[in-house]
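When you read off a place in the sequence shown, starting at 1, and then add 1326, the result is the number in this note's numbering.
For reference, the structure is listed below as structure tokens.
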Amino acid sequence: MLNEVIPAANASSLKRIFAQEWDKNLKPLPKGDVFKVCVSAVEPFVDGVSLIPPEHAAVLRKYEESNGFSFPGFNFPPYLHMSKVDFEQGYLAIYDRSAAEAAGGLDDKKRARFISNSLKKSFDRGNFADYLLRAAQEDAPDAAVNRAKALNKIERCIKNMASNLGEKIKAAALGNDNPNYRTLCERLEKISPEQFFDGCFEYFSSLIDSYESWERYCRFFVQSGAGVTVFLDIKDYDDNYKSVAHGDTVKWINSALLRANETRGGGDETDGEDAYGNPLSGCDAKMPSVRVGPLGDVILRSMVKEAPCQFRYGVADYESFPVGDVSRRSAKLALETLAQEQFRGKTWKLMGEKELLFAYPVMLTGDIESGCSDDMEDIFNLGDIPMAGLLTNGAEAEDKADFTALAGQVIAALSGISRRLSTIEIKIFALKKMDKARTKVSYYTNFTVDYLYQCAHEWSEGCRNLPDNLRRIKRWGAAKGEIMETERRSIFPRELYTFANKVWRMDGSGNSLSKKIKSMDGLELLLKEDRAFAMNLLTIFISNSAPLLALCGECSRRGKQVIGDKEEDKIVNPAILALLLYKLGCKKEDYMNSPVFKLGTLLALADSLQYHYCKYVRTSEEDRKKNIVNAPVQLVGNSMLSAAETRTRQTIGILGARIRPYLTWARTDMGEDMGLSRWMLKQFSVISFALAESSLPESLGPIEKSELYLGYMAGVSGKTTGENENDEGGKQNG
């Protein structure tokens, strides 16, 4: 991972916006509720507790040398060894026996809900306080073990960690002391772990005066998966200085730690350079971790001597790849900068399951004109360049703007930096969480903006590689009943992974997910020319999506022209099909003249003729006025799509036999739409004659199957109905 992050640390375009540098041991608080606990000088040694607002808790940090032991914030160990449900059921067993017995026969989920509701009804402050004290004084072995573990943790947090942090602050000799922090530490020095733990129990117990207060503070008493985080402070702090639970105090602690590290590093006599040419000092320390958005904590490099494979070359742990403290701090700061929430969609975006893609521009120093290098750090504003959004699925999760529009925005922003797009390089890497502890680099590449421009142009052309009548769609507008006709949008790279992995059923009623197409395949398709790769994607896609494509075509024949808000697949999948064909060199000017495409239009025409027959022969006039047509669930052309894939040549003969009754009716139709009937007859004759003169394959490969379904979706244009046969409108001609 370091090889991917270090270039970002050295990029002058990023240094201007580097995030606040934090000491590697000063870590963010866990997500969830954080309570401020005020320590007093007299018993019960706690004189205040309050919930810290989330926006305030986000700026607080804890000093943590090892997992679980930190200061002044830490995860508070519960006083009791039992779960919330067991504790509450024990209370009901004494004070509401009927409710406790009724809960015994329920499953875990219903039992927990029933017990909570019963406790809410029967809560009594005096009884609850007595039962809580009785549970705390239980003399069971489990209770003793739980108390010993809790006291050990509290001692390591308020004694050991506080002492270690105090020594580093003292060694930094900043000269700007914080009396409030010093007072907190002095009070904790005089308090034993037992006094603090029991004092917390006594004070928190006094706060439980209702069921609602029990729900608020129960995690201090009973076992909970989430736990509860406390941040220590004092109530009687000096107003001339910031309180301990304040962002400025945390920054003061951070300054002291960074200063102490510099002082200690300056006296380090380790000679030599690390793998990146920086000082070697600090190479034997533990690698720092970085909080990276949805991935959580990510360790920059994890190589431990317990892995035997390292000894293959006679070195292990840090000796296999020495990285000094300067390089570590630079890499940590660069990754923290790229992963900032304000840069979501700009420098990073979710790509796959527990996988983030990072993308940022840098100037190629070899191409920078003389005299301009001093200005390089001021020219990039990453907040204005949605690079990561362009390469994933849009700048925002709910963004439905198409790829072409966003690519134009990105290219325009970068063109304003340098007229020579070849002088700007885009660096990309992706991190994937393998499990809670391990993270791997799942993707890495570099390319110039000039190359991106070419790839984006080809991608956009590929998404438009559709018959004209499929390039426009109808959607519901903002007003009730309003219908808007718009251009089909071009897709984003991640949408290939999202939509092409859906395996549709034959009736098009639902889908399941496969994992054959990987999260980075869309990006690979954008950036690389690989016919075999594109063919493999097309094979998977047409196999997964054929039922949906058939459904899209049949909806057109039935007059269901408007695509709903939850039918995004009907918009994206035809564009994916067109793009994959374009990547394989099959452009619409060519495939629309292929025999297989014409076979698809013939099947569509058969559906239209059958539906037209059902409308005027099988449907009463009263139902027609209500726009109800008595047609079969599956039309004849749609039912023959699967057969056309494997028995292509026989399909025309079978279709002719099945469509003959409708052709006979169309020749004699004298109804209000007889002009349309005659037109369909003519089109059927023209297409059949063209197919008779063509050579159809015995069976269809992926490209031919794609042409078949595109022909079926496109259909042919209506003549006298006032609307087109396909659901997008327009004419078939390219």
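We put the beta carbon where it would ideally sit given N, CA and C, even for glycine.
All values reported here derive from a predicted model rather than from experimental measurement.
Per DSSP, what kind of secondary structure is residue i in: helix, strand or coil?
i            : result
residue 1547 : coil
residue 1582 : helix
residue 1815 : coil
residue 1333 : helix
residue 1503 : coil
residue 1720 : coil
residue 1752 : strand
residue 1451 : helix
residue 1623 : strand
residue 1694 : Confidence at residue 1694 is low in this model, with a pLDDT of 45, below 50, so its placement is unreliable and no value can be given for it.
residue 1839 : strand
residue 1864 : helix
residue 1995 : coil
residue 1371 : coil
residue 1647 : coil
residue 1401 : strand
residue 1360 : strand
residue 1793 : coil
residue 1915 : helix
residue 1943 : helix
Between the C-alpha atoms of residue i and residue j, what's the straight-line distance to the nearest angstrom?
i            : j            : result
residue 1713 : residue 1853 : 14 Å
residue 2060 : residue 1925 : Since pLDDT at residue 2060 reaches only 41, below the 50 mark, its modelled position is unreliable, and no value is offered.
residue 1377 : residue 1500 : 31 Å
residue 1529 : residue 1512 : 21 Å
residue 1477 : residue 1772 : 52 Å
residue 1602 : residue 1385 : 32 Å
residue 1945 : residue 1986 : 20 Å
residue 1517 : residue 1423 : 41 Å
residue 1387 : residue 1577 : 9 Å
residue 1896 : residue 1799 : 10 Å
residue 1961 : residue 1739 : 51 Å
residue 1990 : residue 1984 : 11 Å
residue 1644 : residue 1327 : 15 Å
residue 1718 : residue 1331 : 20 Å
residue 1826 : residue 1401 : 44 Å
residue 1302 : residue 1674 : Residue 1302 falls outside the range modelled here, since the chain spans only 1327 to 2060, and no answer is possible.
residue 1874 : residue 1971 : 16 Å
residue 1370 : residue 1435 : 37 Å
residue 1704 : residue 1688 : In this prediction, residue 1704 scores a pLDDT of 44, lower than 50, which makes its location untrustworthy; the coordinate-derived value is nonetheless stated afterwards. Each residue's Cα considered, the two are about 12 Å apart.
residue 1865 : residue 1918 : 20 Å
Pull up the DSSP beta-bridge partners for residue i, would you.
i            : result
residue 1387 : 1354
residue 1573 : Answer by DSSP bridge pairing: none, since residue 1573 is not bridged.
residue 1937 : In the DSSP output, where bridge partners are listed per residue, residue 1937 has none listed.
residue 1953 : For residue 1953, which the question treats as bridged, DSSP gives no partner whatsoever.
residue 1687 : 1752
residue 1674 : 1670, 1684
residue 1801 : 1810, 1889
residue 1617 : 1623
residue 1772 : 1753
residue 1767 : 1757
Sort the options by Cα distance to residue i and report the nearest one.
i            : options                : result
residue 1886 : 1954, 1974, 1794, 1928 : 1954
residue 2008 : 1992, 2018, 1743, 1996 : 1992
residue 2037 : 1381, 1423, 1963       : 1963
residue 1520 : 1493, 1494, 1503, 1473 : 1473
residue 1802 : 1764, 1791, 1889       : 1889
residue 1493 : 1778, 1447, 1579       : 1579
residue 1526 : 1445, 1730, 1432, 1404 : 1404
residue 1488 : 1389, 1716, 1918, 1688 : 1389
residue 1626 : 1657, 1611, 1606       : 1657
residue 1812 : 1673, 1970, 1796, 1997 : 1796
residue 1356 : 1868, 1430, 1556, 1550 : 1556
residue 1882 : 1930, 1905, 1862       : 1930
residue 1552 : 2040, 2011, 1359, 1950 : 1359
Quick test of your reading: residue i and residue j, contact by CB under 8 Å. State the CB separation rounded to the nearest angstrom.
i            : j            : result
residue 1935 : residue 1988 : 5 Å
residue 1662 : residue 1624 : Incorrect: roughly 10 Å between the Cβ atoms, too far for contact.
residue 1758 : residue 1768 : 4 Å
residue 1775 : residue 1747 : 4 Å
residue 1817 : residue 1736 : Wrong, their Cβ atoms sit about 16 Å apart, outside the cutoff.
residue 1470 : residue 1586 : 40 Å between Cβ atoms; not a contact.
residue 1570 : residue 1558 : 7 Å
residue 1922 : residue 2019 : With a Cβ gap of about 14 Å, residue 1922 and residue 2019 do not count as contacting.
residue 2003 : residue 1928 : Incorrect: roughly 17 Å between the Cβ atoms, too far for contact.
residue 1461 : residue 1413 : 7 Å
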